[in-house]
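Asker: Right, I'll just put the structure down here and ask away after.
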Amino acid sequence: MKSSRRSILKGSAGIAAVAGAPAIARGQARRGEQNTVRAVMHGDIPTFDPIWTTANMAAYHGNMVYDVLFGIDANFNPQPQMVGRHGVSDDKLTYTFELRDGLKWSDGSAVTAADCVASLRRWGARDGAGQIMLSKTADLSAKDDKTIVLRLKERWGLVYDALSKTSTPLCFMMPKKVAETDPFQKIDTTNGVVGSGPFTLNMAETKPGTQYVYEKNPHYVPRSEPASGIAGGKVVKLDRVIFVNMPEAQTAVSALQAGEIDFYETPPIELLPQLESDRNVRISVLNSLGQVGYIRLNYLHAPFNNVKARQAVQWAVNQKDHMAATFPNPKYARACGSFFTCGTPMESDVNMEWFTKGPDLNKARQLLRESGYDGKPIVLMQATNIEYMRNSAEILAKELRSAGFNVNLVPMDWSNVVQRRSVKSPPDQGGWNIFITSGGGTATAHPINLAAHAATGDKGWFGWPENALHEQLREKWAQAETLQERQAIARQIQDNAWGYVHHLYYGQWIQPAAHRANIRNLLPVPEVIPWWNVEKA
Amino acid sequence: MTAYIVRRLLATLPVMAIVAVCVFLLLHLSPGDPAAIIAGDNATPANIDMIRKRLGLDEPLWKQFLLWVGQLARGDLGQSMFWNTPVLSLVGQRYQPTLSLALTTLCVAITLAVTLGVLAAWRVATIVDRAVMGFAVLGFSVPVFVVGYLLIYVFAIQLKWLPVQGYTPIEEGFVPWLRNLVLPSLALGLAYVALIARITRATMLDVLAEDYIRTARAKGVATRTMLLRHALKNAAVPIVTVIGIGVALLIGGVVITETVFNIPGIGRLVVDAIARRDYPIIQGVIVLFSGIYVLVNLAVDLSYTFFDPRIRY
Numbered sequence: 001m002k003s004s005r006r007s008i009l010k011g012s013a014g015i016a017a018v019a020g021a022p023a024i025a026r027g028q029a030r031r032g033e034q035n036t037v038r039a040v041m042h043g044d045i046p047t048f049d050p051i052w053t054t055a056n057m058a059a060y061h062g063n064m065v066y067d068v069l070f071g072i073d074a075n076f077n078p079q080p081q082m083v084g085r086h087g088v089s090d091d092k093l094t095y096t097f098e099l100r101d102g103l104k105w106s107d108g109s110a111v112t113a114a115d116c117v118a119s120l121r122r123w124g125a126r127d128g129a130g131q132i133m134l135s136k137t138a139d140l141s142a143k144d145d146k147t148i149v150l151r152l153k154e155r156w157g158l159v160y161d162a163l164s165k166t167s168t169p170l171c172f173m174m175p176k177k178v179a180e181t182d183p184f185q186k187i188d189t190t191n192g193v194v195g196s197g198p199f200t201l202n203m204a205e206t207k208p209g210t211q212y213v214y215e216k217n218p219h220y221v222p223r224s225e226p227a228s229g230i231a232g233g234k235v236v237k238l239d240r241v242i243f244v245n246m247p248e249a250q251t252a253v254s255a256l257q258a259g260e261i262d263f264y265e266t267p268p269i270e271l272l273p274q275l276e277s278d279r280n281v282r283i284s285v286l287n288s289l290g291q292v293g294y295i296r297l298n299y300l301h302a303p304f305n306n307v308k309a310r311q312a313v314q315w316a317v318n319q320k321d322h323m324a325a326t327f328p329n330p331k332y333a334r335a336c337g338s339f340f341t342c343g344t345p346m347e348s349d350v351n352m353e354w355f356t357k358g359p360d361l362n363k364a365r366q367l368l369r370e371s372g373y374d375g376k377p378i379v380l381m382q383a384t385n386i387e388y389m390r391n392s393a394e395i396l397a398k399e400l401r402s403a404g405f406n407v408n409l410v411p412m413d414w415s416n417v418v419q420r421r422s423v424k425s426p427p428d429q430g431g432w433n434i435f436i437t438s439g440g441g442t443a444t445a446h447p448i449n450l451a452a453h454a455a456t457g458d459k460g461w462f463g464w465p466e467n468a469l470h471e472q473l474r475e476k477w478a479q480a481e482t483l484q485e486r487q488a489i490a491r492q493i494q495d496n497a498w499g500y501v502h503h504l505y506y507g508q509w510i511q512p513a514a515h516r517a518n519i520r521n522l523l524p525v526p527e528v529i530p531w532w533n534v535e536k537a
Numbered sequence: 001m002t003a004y005i006v007r008r009l010l011a012t013l014p015v016m017a018i019v020a021v022c023v024f025l026l027l028h029l030s031p032g033d034p035a036a037i038i039a040g041d042n043a044t045p046a047n048i049d050m051i052r053k054r055l056g057l058d059e060p061l062w063k064q065f066l067l068w069v070g071q072l073a074r075g076d077l078g079q080s081m082f083w084n085t086p087v088l089s090l091v092g093q094r095y096q097p098t099l100s101l102a103l104t105t106l107c108v109a110i111t112l113a114v115t116l117g118v119l120a121a122w123r124v125a126t127i128v129d130r131a132v133m134g135f136a137v138l139g140f141s142v143p144v145f146v147v148g149y150l151l152i153y154v155f156a157i158q159l160k161w162l163p164v165q166g167y168t169p170i171e172e173g174f175v176p177w178l179r180n181l182v183l184p185s186l187a188l189g190l191a192y193v194a195l196i197a198r199i200t201r202a203t204m205l206d207v208l209a210e211d212y213i214r215t216a217r218a219k220g221v222a223t224r225t226m227l228l229r230h231a232l233k234n235a236a237v238p239i240v241t242v243i244g245i246g247v248a249l250l251i252g253g254v255v256i257t258e259t260v261f262n263i264p265g266i267g268r269l270v271v272d273a274i275a276r277r278d279y280p281i282i283q284g285v286i287v288l289f290s291g292i293y294v295l296v297n298l299a300v301d302l303s304y305t306f307f308d309p310r311i312r313y
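First to last, the sequence lines map onto chains A and B. Taken in order, the first sequence gives residues 1 to 537; the numbers are from our numbering. Taken in order, the second sequence gives residues 1 to 313; the numbers are from our numbering.
Laid out in structure tokens, this is it:
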């Protein structure tokens with residue numbers, strides 16, 4: 001075939017057009033979404049009812065479409081949010097909250113005190129701190145359309161803490177008709193979600209399990225202060241935020257680099273260097289308190305019904321090894337010997353010899369002998385589908401074997417761990433001795449908010465530790481009125497908790513987020529990611 | 001023919017019944033507690049028990065089974081425990097991506113595989129034949145997700161020719177729809193190509209050794225006509241059989257491919273449901289897929305009459 005100059009030029013132009021077409025087409029597709037952020041979060045939204053479940057993703061949804069009476073600011077101090085004026089009586093028993101002017105639900109109707117009273121009751125039926133608050137409540141009612149009155153039977157210094165916390169479930173306000181739903185039934189969202197938050201949920205474009213589309217709420221009235229934590233002015237600067245469910249980490253990282261998504265909450269630590277080298281991607285730490293890893297021991301059965309056996313584990317664990325296994329970059333992980341999260345006001349260094357001088361396997365072996373351990377295998381459940389839990393279980397098994405325990409490491413997925421940890425039968429009859437989990441740094445810093453901090457025996461959280469003094473000190477902490485008092489009591493709690501070994505930690509880590517360079521003004525808040533204030537250049 | 005079709009359709013009922021029993025028992029007897037997952041990690045045991053009761057998960061197994069079978073008999077696949085949405089509705093939202101992926105994969109795979117198989121048989125024992133067979137071995141050996149990530153790296157990240165992930169409904173444009181399916185179809189189709197190419201080659205070799213092919217050659221029939229009209233049509237029955245059996249491979253591969261390429265199809269729906277122990281979705285989709293598989297094989301059997309007029313039902 002003869003080729004002419006003309007045909008060569010035509011062919012080259014054609015090749016250039018074909019090569020360029022995909023980029024042009026991609027540009028055209030994205031032009032319509034200039035002010036839309038596509039965000040891949042750590043999981044899927046399991047339900048649109050953030051009171052019914054403690055799953056964090058439900059709280060992320062709640063934070064978009066609902067608002068709170070109080071929210072914590074960047075310094076973790078409770079600040080009024082939906083509330084305008086508020087006060088507490090001299091005897092510290094009566095709290096009065098007056099709603100701000102102009103608050104509306106997304107259907108245009110006014111937010112009333114009656115809505116908030118119903119919402120408080122529903123939340124209080126499900127939340128640990130809320131349950132305590134309501135158990136101390138003599139009366140909770142709407143004085144008028146805008147005023148809520150909470151009258152306590154006895155003083156309780158954690159009202160503002162409980163109402164403003166970011167550990168789940170948050171105290172979201174809902175319309176009265178919705179909030180009157182049985183707390184153990186999910187709210188009906190068949191006809192949409194009505195909230196008073198800065199965004200609304202576009203049900204038509206939302207596909208459960210795939211994507212959740214949030215749009216600016218035209219009825220929302222932000223506060224005038226600058227945004228701080230989940231308090232302050234929630235000014236929405238984006239048109240839409242789309243939560244994309246993308247469980248595959250490598251796909252999400254590739255999509256971020258290709259510009260197909262704008263934000264990825266939990267990039268694997270080992271892939272961070274790949275993202276850090278991309279000039280279009282930024283890495284940000286939004287939750288400086290991160291996560292705290294727990295080792296829960298089963299108090300109901302031998303050997304951990306014996307304090308010496310628990311202390312043996314305490315002296316065997318090396319947090320640095322646990323952290324290095326999953327978080328090789330020391331920038332993002334640390335060992336922490338405090339009972340309450342390191343880097344928080346309740347952190348202390350009391351009764352930490354096991355941490356400052358440990359690990360000490362000889363001491364661990366000695367304690368184990370003193371406990372009378374009979375060599376029976378202990379069941380250590382290993383959640384294989386969550387990397388840090390899988391790695392820590394392996395390391396813990398090795399540490400315990402070195403200390404003289406006979407360890408039966410049982411691999412299973414996290415769903416199985418969740419099911420089996422509720423079993424109170426002996427370990428060799430379907431029960432367990434140890435499981436590994438983690439909790440938010442904010443929740444772990446608070447003696448009341450975290451269910452795992454309770455020591456109420458078999459009425460408490462899995463592991464069922466029991467210690468009367470611990471519970472007395474928690475109650476005393478809740479009654480304390482100043483930071484100094486609370487810190488002093490926290491030290492006593494730690495002293496006692498490390499003595500009887502309430503549970504153990506295997507480290508504290510931070511999970512940085514990754515986002516495109518043109519995403520700005522993300523707010524650093526623990527446990528939730530706010531999307532107001534954020535801009536896309 | 002009608003009677004045959006009716007008989008075959010009736011025969012699917014016991015198959016579906018067995019699948020229903022097996023999937024129900026496997027799920028409910030396996031460890032995992034959807035109530036605990038729904039409640040979240042901070043929930044107390046009392047809260048979890050309450051949720052379990054509300055979902056009916058504390059009822060005896062036989063009662064839960066009968067309830068589910070009763071729903072199934074009415075064509076109701078149940079409701080997702082997490083989203084309170086009917087399973088059929090969720091499947092309805094997700095079927096298009098899965099169907100699109102399956103059809104494009106089939107088109108790509110069959111076209112490529114049959115071509116390669118015919119080529120290999122025509123040029124048996126040459127470098128062409130060895131290359132095709134080597135490719136077939138590779139296709140079978142390399143896992144779908146590895147192929148997927150390699151394709152993403154080359155075509156999406158480095159060359160920027162195609163998107164990394166996602167799905168565009170066909171209503172939003174044919175080209176965008178197709179662009180999102182190119183890489184997943186190639187990744188998923190590779191093993192399928194390998195399987196069909198080998199069978200095509202083997203059956204073509206048998207047919208090419210027949211007397212009528214020698215006669216056709218002797219009569220001066222063009223090579224293309226000889227291969228496609230005389231040989232391939234007679235080799236079609238085993239090829240079509242393998243395509244039908246390979247649909248099971250396709251269904252399994254769709255699950256992985258949809259996860260790697262973030263395609264919001266039925267495969268992803270099931271994977272997410274398994275992680276959460278959303279029993280109604282898992283049960284409903286598996287029963288549905290088993291029904292589809294049976295129907296596909298019926299279609300394959302009926303297609304024999306097209307390729308071989310001697311076959312009558």
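For each residue, glycine too, the CB sits at the ideal point set by N, CA and C.
Is the distance from the Cβ of B/L208 to the Cβ of B/V182 below 7 angstroms?
Answerer: Position 208 of the second sequence, counted from the start, is the residue given in the question as residue 208 of chain B. Position 182 of the second sequence, counted from the start, is the residue given in the question as residue 182 of chain B. No. Outside cutoff.
Asker: Does the count of Cβ pairs from the region 171–190 of chain A and the region 109–126 of chain A closer than 8 angstroms reach three?
Answerer: yes
Asker: Quick one: what's A/Q472 bridged to in DSSP?
Answerer: In the first sequence, counting from the first residue as 1, residue 472 of chain A sits at position 472. For A/Q472, which the question treats as bridged, DSSP gives no partner whatsoever.
Asker: Three or more beta-carbon pairs under 8 angstroms between the region 418–434 of chain A and the region 36–52 of chain B, yes or no?
Answerer: yes
Asker: Which runs of the alpha helix (DSSP H), 4 residues or longer, sit entirely within the region 436–475 of chain A?
Answerer: 441–444
Asker: Who are the neighbours of B/D272 on chain A, taking C-beta pairs under 8 angstroms?
Answerer: For this step, residue 272 of chain B is matched to residue 272 along the second sequence. Against chain A, a Cβ distance below 8 angstroms from B/D272 picks out D44, G209, N245, P247.
Asker: On the three-state DSSP scale, how would you describe A/R38?
Answerer: Here residue 38 of chain A corresponds to residue number 38 of the first sequence, with the count starting at 1. It is a strand residue.
Asker: For B/G246, which residues in chain A fall below 9 angstroms Cβ to Cβ?
Answerer: Your numbering for residue 246 of chain B matches position 246 in the second sequence. Chain A residues near B/G246: none, gap ~25 angstroms exceeds 9 angstroms.
Asker: Mind checking which residues open and close the beta strand (DSSP E) that includes A/E387?
Answerer: Taking the first sequence and counting its residues from 1, the one referred to as residue 387 of chain A is at position 387. No beta strand (DSSP E) contains A/E387, which is instead part of the alpha helix (DSSP H) from 387–402.
Asker: Inspect the CB distances between the region 445–464 of chain A and the region 306–321 of chain A and report whether three or more fall short of 8 angstroms.
Answerer: Taking a contact to require three or more Cβ pairs closer than 8 angstroms, the region 445–464 of chain A and the region 306–321 of chain A do not qualify as touching.
Asker: For A/E98, which of helix, strand or coil comes out of DSSP?
Answerer: Walking along the first sequence from the start, residue 98 of chain A turns up at place 98. In this structure, A/E98 counts as strand in the three-state DSSP scheme.
Asker: Under 7 angstroms Cβ to Cβ from B/V118, same chain only, skipping five residues before and after it: list those, please.
Answerer: Within the second sequence, numbered from 1, the residue matching residue 118 of chain B stands at position 118. Same-chain partners within the cutoff: T200, M204, L227, L232.
Asker: May I ask which residues mark the beginning and end of the alpha helix (DSSP H) holding A/N416?
Answerer: Mapped onto the first sequence, residue 416 of chain A falls at position 416. That run of the alpha helix (DSSP H) goes 414–420.
Asker: On the criterion of 16 or more Cβ atoms from any shown chain inside 10 Å, does A/S284 qualify as buried, or is it exposed?
Answerer: If you number the first sequence from 1, residue 284 of chain A lands on position 284. When all chains shown are included, A/S284 counts as exposed.
Asker: Do B/V87 and B/G244 count as a contact pair if the criterion is CB distance below 7 angstroms?
Answerer: As a working note, residue 244 of chain B is residue 244 in the second sequence. As a working note, residue 87 of chain B is residue 87 in the second sequence. Not closer than 7 angstroms, so no.
Asker: With a threshold of 16 other CB atoms inside 10 Å of the CB of A/S438, please say whether the residue is buried or exposed.
Answerer: In the first sequence, counting from the first residue as 1, residue 438 of chain A sits at position 438. Buried, since its Cβ has 16 or more Cβ neighbours within 10 Å.
Asker: Check whether the Cβ of B/F82 lies closer than 7 angstroms to any Cβ atom in chain A.
Answerer: Numbered from 1 along the second sequence, position 82 holds the residue referred to as residue 82 of chain B. By this cut-off, B/F82 is an interface position.
Asker: Is it right to say B/C22 is buried, meaning 16 or more other beta carbons lie within 10 angstroms of its own, or is it exposed?
Answerer: As a working note, residue 22 of chain B is residue 22 in the second sequence. Burial call: exposed.
Asker: Say whether chain A places a C-beta atom closer than 7 angstroms to the C-beta of B/N180.
Answerer: Within the second sequence, residue 180 of chain B is the residue found at index 180, counting from 1. For B/N180, the answer is no, since every Cβ of chain A falls outside 7 angstroms of its Cβ.
Asker: Compute the distance between the beta-carbons of A/W123 and A/P175, then report whether it is under 7 angstroms.
Answerer: The sequence position of residue 123 of chain A within the first sequence is 123, counting from 1. The sequence position of residue 175 of chain A within the first sequence is 175, counting from 1. No. Outside cutoff.
Asker: Measure from the C-beta of B/T257 to each C-beta in chain A and report whether the shortest distance is under 7 angstroms.
Answerer: The count along the second sequence starts at 1 and reaches residue 257 of chain B at position 257. Closer than 7 angstroms: no.
Asker: What residues from chain B crowd round A/K165, counting only those whose CB sits closer than 9 angstroms?
Answerer: Within the first sequence, the letter at position 165 stands for residue 165 of chain A. Simply none; closest approach about 11 angstroms.
Asker: Cα separation between A/M346 and B/L25?
Answerer: Position 346 of the first sequence, counted from the first residue, corresponds to residue 346 of chain A. Position 25 of the second sequence, counted from the first residue, corresponds to residue 25 of chain B. In a straight line, the C-alpha of A/M346 is about 49 angstroms away from that of B/L25.
Asker: Quick one, which of A/L300, A/L483, A/K143, A/E527 has its alpha-carbon nearest A/E466's?
Answerer: Numbered from its first residue, the first sequence carries residue 466 of chain A at position 466. Just measuring C-alpha positions, the residue of A/L300, A/L483, A/K143, A/E527 sitting nearest A/E466 is A/L300.
Asker: For B/R268, count neighbouring Cβ atoms within 10 angstroms of its own Cβ and tell me buried if that reaches 16, exposed if not.
Answerer: For the purposes of this step, residue 268 of chain B is taken as the residue at position 268 of the second sequence. The residue is buried, with at least 16 neighbouring Cβ atoms inside 10 Å.
Asker: Could you tell me whether the Cβ of A/A17 comes closer than 7 angstroms to any Cβ of chain B?
Answerer: Counting from 1 along the first sequence, the entry for residue 17 of chain A is found at position 17. Here A/A17 scores only 47 on pLDDT, less than 50, and its place in the model should not be relied on; the value that follows carries that caveat. So, not an interface residue.
Asker: Mapping DSSP to helix, strand and coil, what is A/T147?
Answerer: Against the first sequence, residue 147 of chain A aligns to sequence position 147. Strand at A/T147.
Asker: From this set, A/P273, A/D49, A/Y506, A/R369, which residue's C-alpha is nearest A/K342's C-alpha?
Answerer: For the purposes of this step, residue 342 of chain A is taken as residue 342 along the first sequence, with counting starting at 1. This sequence places Cys at residue 342 of chain A; Lys is not what is there. Per the Cα distances, A/Y506.
Asker: Between A/N306 and chain B, is the shortest Cβ-Cβ distance under 7 angstroms, so that the two count as touching?
Answerer: By one-based count along the first sequence, residue 306 of chain A stands at place 306. It does not: the Cβ of A/N306 has no partner Cβ on chain B nearer than 7 angstroms.
Asker: What residue does the beta strand (DSSP E) around A/Q291 start on, and which one ends it?
Answerer: The sequence position of residue 291 of chain A within the first sequence is 291, counting from 1. Taken as a continuous stretch (DSSP letters only), the beta strand (DSSP E) holding A/Q291 covers 291–297.
Asker: Grouping DSSP H, G and I as helix and E and B as strand, with all else coil, what is A/G233?
Answerer: Along the first sequence, read from residue 1 onward, the residue named residue 233 of chain A stands at position 233. Coil, per DSSP.
Asker: Could you tell me which whole alpha helix (DSSP H) segments of length 4 or greater appear in the region 61–93 of chain A?
Answerer: none
Asker: With the cut-off set at 7 angstroms, would you say A/L69 and A/V88 are in Cβ contact?
Answerer: In the first sequence, the residue the question calls residue 69 of chain A occupies position 69. In the first sequence, the residue the question calls residue 88 of chain A occupies position 88. Result no, Cβ atoms of A/L69 and A/V88 do not sit closer than 7 angstroms.
Asker: With distances taken between CB atoms, is the gap from A/I45 to A/M57 smaller than 7 angstroms?
Answerer: The residue given as residue 45 of chain A occupies position 45 in the first sequence. The residue given as residue 57 of chain A occupies position 57 in the first sequence. Yes; because the gap between Cβ atoms is below 7 angstroms, this pair is in contact.
Asker: Starting from A/W509, follow the beta strand (DSSP E) in both directions and report where the run begins and ends.
Answerer: One-based indexing of the first sequence puts residue 509 of chain A at position 509. It spans 504–509 - the beta strand (DSSP E) in which A/W509 sits, taken as one unbroken run.
Asker: For chain A, check one thing: does any of its Cβ atoms lie closer than 7 angstroms to the Cβ of B/Q165?
Answerer: By one-based count along the second sequence, residue 165 of chain B stands at place 165. B/Q165 counts as touching chain A.
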